[in-house]
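If you're matching positions, the sequence shown starts at 0 in numbering that gives the first Met the number 0 and goes up one per residue.
Note that the Cβ used here is the ideal one computed from N, Cα and C, for glycine as well.
Since we're looking at a predicted model, the values are computed, not measured.
Notes for the one structure printed next.
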Amino acid sequence: MTALPETFAQALRELGLAGAGPLSGEPLVGGVSSDIWRVDAESGPLCVKRALPTLRVAALWQAPIERNRFEARWMQVAAEAVPGCAARVLGQHPQLGVLAMEYLPQHALWKQQLRDGDADLDTARAVGRALGRIHAYSAARPALAADFASQAIFFDIRLEPYLLATAAAHPDLAPQLRALVQATQAQAKALVHGDVSPKNILVDAHRPVFLDAECAVWGDPAFDLAFCLNHLLLKCLWTPPAAPGFLACFDALATAYRAEVDWELVDDAERRAARLLPGLLLARVDGKSPVEYLVDEAPRRTVRRAARALLTQPVDRLNDVALAWRREIAA
Ligand SMILES: Nc1ncnc2c1ncn2[C@@H]1O[C@H](COP(=O)(O)OP(=O)(O)O)[C@@H](O)[C@H]1O
Ligand SMILES: [Mg+2]
């Protein structure tokens, strides 16, 4: 047991969640953008998360702590759309940028399962379905757009570090990458999570619990779909023996997602995701947030070859992205 950092203690007191006794807890293994703790309150354990003004990544990366408020709001809307798919929010302190939520049982992260080669189709399907339902639920409630006017943050922590930083590394592909930024910004359609990565998904009996909605924005739902599918492609290079399973998961996730699209023509949403995917692929090698597990040059070259081909000769169907990827990783 460790004494809780004062910001958390103050936030919990001011949110009326502290109780009378002393507060203690343990830091959780967090990512790069937040402090996150389990707190042992009188009423039971809870989880508190504080957005950091500077992210712990190699490239200097600033982000306003206001994103903690969008994260809390995303969790509320997602849980309305798909009960159980996000932790219950207990309170959010806007000035301190602290979110208090239900402490979830420590299920495995999807990322751990994938790393171990566990390519479970039911999980992939459930992720696609839940994501599609959150998008459909929010798209049907356009008044929610006012709660997620975080487009500037989204640009600063997603579009710039991923797509524009990659454009700087590949000047000949800059027109395509810039066009993807514009195309994404032009679609204000639904509530986007912005970081649907397997490291931010707990798996509870094949059902996803989405974490880490700091990038939440009213925007293009195809971004979430492409962002998540991108990880299934990259995992083929991390755990190569499971590549056929990951490609089957890709298909299962995309198919389940498509079945939920009712806010626009499903082929239109799919086309945007298929166009975005190669940009995001390349970004995870040459953008500001490269995946930590592709360290050798050979897999990085594979990603560059595949992404380059698809950026210069775009396809409209996700299945065609997967086919091109399969050819590339077999080469
Ligand atoms: N509500 C919660 N209950 C229990 N553990 C949680 C909860 N939220 C997050 N965690 C744990 O903390 C880790 C980091 O949380 P996350 O929201 O992804 O923060 P970061 O922005 O630092 O990546 C997660 O991988 C998970 O293990
Ligand atoms: Mg995280």
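Nearest residue (CA-CA) to Val97, options Val320, Asp39, Leu158 and Asn67: Translated into positions along the sequence shown, residue 97 becomes position 98. Checking every option, the nearest Cα to that of Val97 belongs to Asn67.
With 16 other Cβ atoms within 10 Å as the buried cut-off, status of Pro298: To locate residue 298, count along the sequence shown from 1; it is residue 299. Looking at its Cβ environment, which holds 16 or more other Cβ atoms inside 10 Å, Pro298 is buried.
In three-state DSSP terms, what is Arg49? Position 50 of the sequence shown, counting from 1, holds the residue named residue 49. Three-state result, Arg49: strand.
What do you reckon, are the CB atoms on Leu22 and Ala8 nearer than 7 angstroms? If you number the sequence shown from 1, residue 22 lands on position 23. If you number the sequence shown from 1, residue 8 lands on position 9. Yes.
Pick from Phe249, Leu236 and Asp203 that is closest to Ala225, judged by C-alpha positions: The count along the sequence shown starts at 1 and reaches residue 225 at position 226. The shortest C-alpha separation from Ala225 is found at Phe249.
Test item: CB-CB of Tyr292 and Trp237 under 7 angstroms: As a first step, residue 292 is located in the sequence shown; it is residue number 293 there, counting from the start. As a first step, residue 237 is located in the sequence shown; it is residue number 238 there, counting from the start. With respect to the 7 angstroms criterion, Tyr292 and Trp237 are classified as neighbours on the basis of their beta carbons.
Got a sec: does ligand 2 put a non-hydrogen atom nearer than 6 angstroms to the Cβ of Asp211? Here residue 211 refers to the residue found at position 212 when the sequence shown is read from its first residue. Yes, the beta carbon of Asp211 sits closer than 6 angstroms to at least one heavy atom of ligand 2.
For Ile35, is the beta carbon positioned less than 6 angstroms from some heavy atom of ligand 1? Residue mapping note: residue 35 aligns to position 36 of the sequence shown, counting from 1. Correct: Ile35 has its Cβ closer than 6 angstroms to ligand 1.
Measuring only from the beta carbon, is Cys46 closer than 6 angstroms to any heavy atom that is part of ligand 1? Position 47 of the sequence shown holds residue 46. Answer for Cys46: yes, Cβ within range of ligand 1.
Chain B contact for Asn67 (CB, 7 angstroms cutoff): The chain inventory of the structure shown lacks chain B, comprising one protein chain alone.
Comparing C-alpha positions only, which one of Arg49, Val81 and Pro82 sits nearest to Phe71? Counting from one through the sequence shown, the residue named residue 71 turns up at place 72. Residue 71 is actually Ala in this sequence, not Phe. Nearest neighbour of Ala71 by Cα position, chosen from Arg49, Val81 and Pro82, turns out to be Arg49.
Cα-Cα, which of Ala212, Arg303 and Val260 is closest to Ala78? Your numbering for residue 78 matches position 79 in the sequence shown. Cα-wise, what sits closest to Ala78 is Ala212.
Compute the beta-carbon to beta-carbon distance between Pro272 and Gly127, rounded to the nearest angstrom, for a pair I have assumed lies under 8 angstroms. Position 273 of the sequence shown, counted from the start, is the residue given in the question as residue 272. Position 128 of the sequence shown, counted from the start, is the residue given in the question as residue 127. Pro is not the amino acid found at residue 272; the sequence shown has Ala there. Contact flag wrong, Cβ pair sits at about 11 angstroms.
Look at the alpha carbon of Ser42 and the alpha carbon of Trp217, and state the distance between them as a whole number of angstroms. Position 43 of the sequence shown, counting from 1, holds the residue named residue 42. Position 218 of the sequence shown, counting from 1, holds the residue named residue 217. Rounded to the nearest angstrom, the gap between the Cα atoms of Ser42 and Trp217 is 35 angstroms.
Thinking C-beta only, is Thr183 closer than 7 angstroms to Phe222? Position 223 of the sequence shown, counted from the first residue, corresponds to residue 222. Position 184 of the sequence shown, counted from the first residue, corresponds to residue 183. Result yes, Cβ atoms of Phe222 and Thr183 sit closer than 7 angstroms.
Compare the Cα-Cα distances from Val314 to each of Leu103, Val76, Arg87 and Arg274 and report the closest residue. Taking the sequence shown and counting its residues from 1, the one referred to as residue 314 is at position 315. The shortest Cα separation from Val314 among Leu103, Val76, Arg87 and Arg274 belongs to Arg274.
Looking at C-beta atoms only, is the number of pairs between the region 197-208 and the region 99-115 that lie closer than 8 angstroms three or more? yes
Are the beta-carbon atoms belonging to Leu322 and Pro277 less than 7 angstroms from one another? As a first step, residue 322 is located in the sequence shown; it is residue number 323 there, counting from the start. As a first step, residue 277 is located in the sequence shown; it is residue number 278 there, counting from the start. No, Cβ-Cβ distance for Leu322 and Pro277 is not below 7 angstroms.
Nearest neighbour of Asp171, chosen from Arg303, Glu25, Ile35 and Ala17 [CA to CA]: Taking the first residue of the sequence shown as position 1, residue 171 is located at position 172. The residue with the shortest Cα to Cα distance from Asp171 is Arg303.
What I want to know is whether the C-beta of Asn229 ends up closer than 6 angstroms to one or more non-hydrogen atoms of ligand 2. The residue given as residue 229 occupies position 230 in the sequence shown. Answer for Asn229: no, Cβ out of range of ligand 2.
In chain order, what are the residue ranges of uninterrupted alpha helix (DSSP H) at least 4 long that sit wholly in the region 101-125? 109-114
Excluding the five sequence neighbours on either side, which residues of its own chain have a C-beta within less than 6 angstroms of the C-beta of His134, listed in chain order? What you label residue 134 is simply residue 135 of the sequence shown in a count that begins at 1. These residues qualify, in order along the chain: Ala189 and Pro220.
Going by DSSP in three states, Ala187 sits in which element: helix, strand or coil? The sequence position of residue 187 within the sequence shown is 188, counting from 1. Ala187: coil per DSSP, three-state reduction.
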